[in-house]
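Chains as they are written, first to last, in the numbering used here: chain A, -18 to 92; chain B, 79 to 191.
Right under this line is the structure:
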């Protein structure tokens, strides 16, 4: 059965800290891994990763995928209070082309 | 584009009542997903359609749940009869094609008393 496991489940940091969020997965015929940010309502897209070792970057956020070890990390540098959110990791496999999500990491950034 | 549109935004009902949630995907998207989100279980996939055909409904909790997609621009998720444990936020999401990112609606907050 396809599975996505995120850690930690929750995290409290101070502004300016750097955080690393983890995502490990098991999926039939991996196709892609996606990161989403969820604030108050709908999740919004951050990154899609399909190849190992290639870092995707957007401002203070970056992410990388390791297809051999079946995991991805999401880094946030110089955190701000606006980074407080749930960060969701999802995978899609060619076994059914469905997208399944992990439980998420709840990040709280203190001023 | 208006994005994925869900209705209602909030639904409060009593145990035993029928509940119908509605979703209009983004025009041109051929896959539609229904998810349920709770604190305990996170974002669970309920059912997934491709080209209006249900592909995987293994996440539908039990026979009380049913989903339809009569055409490319409309889908419903029905719960009959509803129970308090069905209380959650229900999200609809669509994507243009396999291998592409999902776009989410704003969700329906369901409370079953």
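Virtual Cβ for every residue (Gly too), placed ideally from N, Cα, C. Since this is a predicted model, take the numbers as computed values, not measurements.
Which residues in chain B sit within 7 Å of residue i, going by Cβ to Cβ distance?
i: residue 82/A; result: 120 and 121
i: residue 12/A; result: 177
Under 8 Å Cβ to Cβ from residue i, same chain only, skipping five residues before and after it: list those, please.
i: residue -1/A; result: 56, 57, 58, 59 and 60
i: residue 132/B; result: 125, 126, 145 and 147
i: residue 81/B; result: 104, 181 and 183
i: residue 25/A; result: 17, 18 and 19
i: residue 54/A; result: 1, 2, 3, 4, 44 and 45
i: residue 35/A; result: 45 and 46
Go through its chain and collect everything with a Cβ distance to residue i's Cβ below 7 Å, but skip five positions before and after it.
i: residue 33/A; result: 46, 47, 48 and 49
i: residue 37/A; result: 28, 30, 43 and 44
i: residue 165/B; result: 188, 189 and 190
Where does the unbroken beta strand (DSSP E) through residue i begin, and where does it stop?
i: residue -7/A; result: -9 to -5
i: residue 148/B; result: 143 to 149
i: residue 98/B; result: 97 to 102
i: residue 87/A; result: 86 to 91
i: residue 28/A; result: 25 to 30
i: residue 128/B; result: 120 to 128
i: residue 19/A; result: 11 to 19
i: residue 71/A; result: 66 to 74
i: residue 114/B; result: 109 to 116
i: residue -18/A; result: Run containing residue -18/A: none; DSSP gives neither H nor E here.
i: residue 5/A; result: 0 to 7
i: residue 78/A; result: It is not in any beta strand (DSSP E) - residue 78/A carries neither H nor E in the DSSP assignment.
Could you give the C-beta distance for residue i and residue j, rounded to a whole number, given that I count them as a contact under 8 Å?
i: residue 93/B; j: residue 190/B; result: 6 Å
i: residue -13/A; j: residue 4/A; result: 5 Å
i: residue 121/B; j: residue 69/A; result: 6 Å
i: residue 181/B; j: residue 83/B; result: No, residue 181/B and residue 83/B are not in contact; Cβ-Cβ is about 11 Å, not under 8 Å.
i: residue 102/B; j: residue 143/B; result: Wrong, their Cβ atoms sit about 20 Å apart, outside the cutoff.
i: residue 185/B; j: residue 73/A; result: Contact doesn't hold; Cβ gap of about 21 Å is too wide.
Name, please, each residue of chain A whose Cβ falls closer than 7 Å to the Cβ of residue i.
i: residue 169/B; result: 23
i: residue 184/B; result: 22 and 23
Could you tell me which chain B residues have their CB closer than 9 Å to the CB of residue i, listed as they occur along the chain?
i: residue 15/A; result: 179 and 180
i: residue 69/A; result: 120 and 121
Apart from the five residues on each side of it in sequence, which residues of its chain come closer than 6 Å, Cβ to Cβ, to residue i?
i: residue 109/B; result: 128 and 173
i: residue 100/B; result: 85 and 154
i: residue 78/A; result: none
i: residue 71/A; result: 15, 80 and 82
i: residue 23/A; result: none
i: residue -16/A; result: 7
i: residue 87/A; result: -9 and 67
i: residue 134/B; result: 126
i: residue 95/B; result: 160
i: residue 88/B; result: 187
List the residues of chain B that residue i touches, going by C-beta distances under 8 Å, in chain order.
i: residue 73/A; result: 176 and 177
i: residue 79/A; result: 111, 123, 126, 133 and 134
i: residue 85/A; result: 120 and 121
i: residue 26/A; result: 179, 180 and 181
Counting only Cβ pairs nearer than 8 Å, list the residues of chain A close to residue i.
i: residue 192/B; result: Residue 192/B lies beyond the stretch modelled for chain B, which goes from 79 to 191, so this question has no answer here.
Which whole runs of the beta strand (DSSP E) in the region 145 to 188 of chain B are 3 residues long or more, in chain order? 152 to 157 and 166 to 173
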